[in-house]
Amino acid sequence: MLGSTLPLNGAGVCGAALADLGLPLDLLRAFALLARTAGLIGQLAEEMRNPVANDIFLSVDLNNRPVPPQPRDAPRPAGHA
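Each number in my numbering comes from the position in the sequence shown (counting from 1) with 590 added on.
Structural data, given as structure tokens:
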């Protein structure tokens, strides 16, 4: 793997920095879990203060337009990747 690049997400960068600081590798997963838990608690607190999840769900549910699947070899409509 020497000489190749590896894309990292935030948890990977944080883990690498903490490993460089000498923290035990067994403990690094706990830091990622702690950060995700804090983010989830923050989102739950925000939803309790300003509930929008049900409005978003209803908006998506009422405005969705089902599109039947197409075979892989069929040409795609303009504007679709």
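A virtual CB, placed ideally from N, CA and C, is assigned to each residue, including glycine. Note that the coordinates shown come from a computational prediction; the quantities given were computed from them, not determined experimentally.
- Along the segment 607-666, the alpha helix (DSSP H) occurs as fully enclosed runs of 4 or more residues at 615-639, 643-653, listed in sequence order.
- In the structure shown, residue 605 falls within a helical segment according to DSSP collapsed to helix, strand and coil.
- Excluding its 5 nearest sequence neighbours in each direction, residue 644 has no C-beta neighbour in its own chain below 8 Å.
- Between residue 618 and residue 611, the beta carbon gap of about 10 Å keeps them out of contact (Cβ cut-off 8 Å).
- Residue 598 places its beta carbon less than 8 Å from that of residue 606.
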